[in-house]
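Undergrad: For reference, the structure I am asking about is given below.
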Amino acid sequence: MKLSELEEEMKAAAKAAFGLDDGQLKNFAVSVPPPHIKGDLSLAWPIAAAKALKKPPLKIAEELKAALAGKYDAAVLPPGFVNISLKDKSLLDDTGRILSEDSYFANPIHAKEKVNIEFVSANPTGPMHLASGRGATLGDSLSRIMRFLGYQVKEEFYVNNVGRQVSLLGQSLKARYQGKNPPEDGYQGEYLKDMAAALPSDAAGWNDKQFSEFAVKEMLILHKADMKAFGVEFDRWFLESELHEAKGPEKALEELKKRGMTYEKEGALWLGTASVMESDDKDRVLVKSDGHNTYFLNDIAYHLNKIERGFTKIVDIWGADHHGHVPRMEAAVSALGHDRELFKIIIHQQVLLKRGTELVKMSKRAGDFISLKELVEEVGADACRFFFAMHSPNSHMTFDIDLAKKQSNDNPVFYVQYVHARICSIFNNAAYKDVDPARAYDPAKITPNPEERALMIKLLWLEKILETCVRDSSPHQLTVYLSELSAMFHSFYDQHKVLDAADPETTAFRLFLLKAVQRVIGRGLGLLGVSAPERM
RNA sequence: GCCCCCAUAGCUCAACGGAUAGAGCAUCUGCCUUCUAAGCAGGUAAUCCAGGUUCGAUUCCUGGUGGGGGCACCA
């Protein structure tokens, strides 16, 4: 039985025994007992429920134990914990189902959710920066996790291919083509020299717009290649120009006006994000006094577009440098008449770069930065992705470039990957050791030892870990889990021989168990966009 | 000035308000004639400060201190 099912079953037992409603069982959750405690799972609920039930925690724990009797072996420990021991047979059964049912951990309840996750969305004005790796890792890993759990997920990259920055890019490219320096506020990076050198022969007669279009097109090719090398393939690259062709901003504006959310002041058109909705610190301009749309209006139109495409959950992943935009964007979605729950913005803190002992400040326009491509080529996509995935979005991570390049072998990703490789190796050695790797074991003849039990229980936790990742909008718990599972495996490997022709029953069981470990490790790494090598 | 985020071992990070705060790197001690030592076993080592709430606080609240980011009719 999955942990979620087990938890539900125990919760139902508690509900019936104490005559409670769901609200009173909110904190009812299984957890892992600390190492010095005997038991496979732990419930702290009796302590938490003491006040509401007006009973001593120990008494509640005893009553809960009685309610679970027959189904679970439970023990009560002060100040009111109930510790559960799982039966070997049920563990063996679960391990088998992990192997036989690929979607064992999916939850059908998620299937009705249509999720749009937009991330990276770097401007097509220069090579993709190393820091984009953080957003890319977050978005792609979360997408993979949600998909695995049963959600319908579309990954999307928004391309700002119109506007002032794009014009500047075109002008900068044109200047390079003509052997001049780019405009003062233009793009100074070397990459435009290379691009200029590759311009077609008829570029001499081009106007600025043609230079811009060429530059954006080329840049998009690079961005797509960078993302692919990083293991990220978007379902859609949404061009801002598509939005304008479909009259998106006009429609959004009309909708906002119709809802009475806008007003004119000083020749501009404003959205009452503060005065009407009280969710921002000031009102925001939609149409400037010169008649041009603000970026904000275009962004509202883009989000309206996503809503119209029928998504039930819309997620944006932004760097902390945009966090000030959160209230106005949330206000805008509300202003369009939609539920706040529909729209979620995940903010991740920025990546600080450290080279030697100095913190490196980077600017795309000055052309001084470390590209994602460079990093991936030197460190490898696996190590990069695992490293980014390890950090919760709120952590201010400093990326030590020298360390990442020089000591990539220290990355915990190898520790996890090594589990997969070791298990593959064992299976490859089976024939050589006179063992049939396909032989089934007989559950009736197997009593798992403590290390084997611990591994089987750990495998079950993948489900809850992944749900936690979704709840916290971060894959970092998965990296912790994989490291812990790996440690358990390596320790097991050291203590117990797997292939033993003299003991075919135990050998068959251990191969079965290892197959499941291998499956979970491979699956977990896959959800992080990291490869599971067969040998290292 | 206002807003957001952060502060845990020498370093990089974990820990739905729960039991003796977990890892990796670094460091020290052991372990390769036996399925891969990118490994195992063990040692050293941590919750910024002051209050508060709670049976219980690294976690929640208030006030400090220190750091990062943001406060446009730019995108």
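Quick note on our numbering: the first sequence kicks off at 127 and runs consecutively.
Note that CB positions come from ideal geometry on N, CA and C, so glycine has one too.
Measure the Cβ-Cβ separation of residue 256 and residue 521 and say whether it is below 8 Å.
TA: no
Undergrad: Under the three-state reduction of DSSP, which class applies to residue 372: helix, strand or coil?
TA: coil
Undergrad: Please classify residue 587: does DSSP put it in a helix, a strand, or coil?
TA: coil
Undergrad: So if DSSP puts residue 283 in a beta bridge, which residue, or which two residues, is it bridged to?
TA: The partner list for residue 283 (beta bridge, DSSP) reads 363.
Undergrad: Tell me whether residue 316 sits in a helix, a strand or coil according to DSSP, three-state version.
TA: coil
Undergrad: Please report the distance separating the alpha-carbon of residue 264 from that of residue 152.
TA: 29 Å
Undergrad: Less than 8 Å between the C-beta atoms of residue 499 and residue 355, yes or no?
TA: yes
Undergrad: If we call anything under 8 Å between Cβ atoms a contact, is residue 250 one with residue 342?
TA: yes
Undergrad: Please state if the CB of residue 423 and the CB of residue 430 are separated by a distance shorter than 8 Å.
TA: no
Undergrad: With distances taken between CB atoms, is the gap from residue 190 to residue 172 smaller than 8 Å?
TA: Residue 190 places its beta carbon less than 8 Å from that of residue 172.
Undergrad: On the criterion of 16 or more Cβ atoms from any shown chain inside 10 Å, does residue 162 qualify as buried, or is it exposed?
TA: Looking at its Cβ environment, which holds fewer than 16 other Cβ atoms inside 10 Å, residue 162 is exposed.
Undergrad: What separation, rounded to the nearest whole angstrom, lies between the Cα atoms of residue 512 and residue 366?
TA: 32 Å
Undergrad: Around the Cβ of residue 662, are there at least 16 other Cβ atoms within 10 angstroms (buried) or fewer (exposed)?
TA: exposed
Undergrad: May I have the straight-line CA-CA distance separating residue 491 from residue 134, to the nearest angstrom?
TA: Reliability of the predicted coordinates at residue 491 is poor, the pLDDT of 44 falling under 50, and no value is obtained from them.
Undergrad: Using the C-alpha atoms, what's the distance from residue 298 back to residue 604?
TA: 44 Å
Undergrad: For residue 138, name the three-state secondary structure that DSSP assigns.
TA: Helix, per DSSP.
Undergrad: For my contact list, residue 184 and residue 202 are in at a C-beta cut-off of 8 Å; report their separation, rounded to the angstrom.
TA: 7 Å
Undergrad: Residues in the same chain with beta-carbon distance under 8 Å from residue 592, minus the five sequence neighbours each way, listed in chain order, please.
TA: 231, 271, 274, 275, 604 and 653, listed in sequence order.
Undergrad: Below 8 Å between beta carbons: does that hold for residue 561 and residue 632?
TA: For the pair residue 561 and residue 632, the CB atoms are not nearer than the 8 Å cut-off.
Undergrad: Counting pairs of Cβ atoms below 8 Å between the stretch 446 to 462 and the stretch 472 to 479, do you hit three or more?
TA: yes
Undergrad: Would residue 130 pass as a contact of residue 166 if the rule is Cβ separation under 8 Å?
TA: no
Undergrad: Can you find the residues in the same chain that come closer than 7 Å, C-beta to C-beta, to residue 641, ignoring five residues on each side of it along the sequence?
TA: 225
Undergrad: Since residue 616 contacts residue 577 with CB under 8 Å, what's their CB separation in whole angstroms?
TA: That belief does not hold up - the Cβ atoms of residue 616 and residue 577 are roughly 11 Å apart, past 8 Å.
Undergrad: Starting from the C-beta of residue 394, find all residues in its chain whose C-beta is less than 7 Å away, skip the five residues before and the five after it, and write them out in chain order.
TA: Setting aside the 5 residues that flank it on each side, residue 394 is surrounded in the same chain by 411, 413, 414 and 415, each with a C-beta closer than 7 Å to its C-beta; the list follows chain order.
Undergrad: Could you tell me if residue 548 is buried or exposed, where buried requires 16 or more neighbouring beta carbons within 10 angstroms of its beta carbon?
TA: buried
Undergrad: Compare the Cα-Cα distances from residue 460 to each of 509, 382, 516 and 181 and report the closest residue.
TA: With distances taken between Cα atoms, residue 460 lies closest to 382.
Undergrad: Which of the three DSSP states is assigned to residue 171 in this structure?
TA: helix
Undergrad: Who pairs with residue 244 in a beta bridge, going by DSSP?
TA: 282 and 442
Undergrad: Which one of 596, 535, 570 and 557 has the shortest CA to CA distance from residue 518?
TA: 596
Undergrad: Can you find the residues in the same chain that come closer than 7 Å, C-beta to C-beta, to residue 409, ignoring five residues on each side of it along the sequence?
TA: 396, 397, 398, 399, 400 and 401
Undergrad: Looking at the structure shown, is residue 526 part of a helix, part of a strand, or coil, going by DSSP?
TA: It is a strand residue.
Undergrad: Please determine, among 458, 435, 448 and 374, the residue with the shortest C-alpha to C-alpha distance to residue 385.
TA: 458
Undergrad: Take residue 338 and list the residues in its own chain whose beta-carbon comes closer than 7 Å to its own, dropping the five residues that flank it on each side.
TA: 292, 293, 295 and 296
Undergrad: Return the first residue and the last residue of the alpha helix (DSSP H) that residue 473 is part of.
TA: No alpha helix (DSSP H) holds residue 473; the beta strand (DSSP E) holding it covers 469 to 474.
Undergrad: What residue range does the beta strand (DSSP E) around residue 554 cover?
TA: No beta strand (DSSP E) holds residue 554; the alpha helix (DSSP H) holding it covers 538 to 555.
Undergrad: Could you please give me the residues that DSSP links to residue 410 through a beta bridge?
TA: Partner(s): 397.
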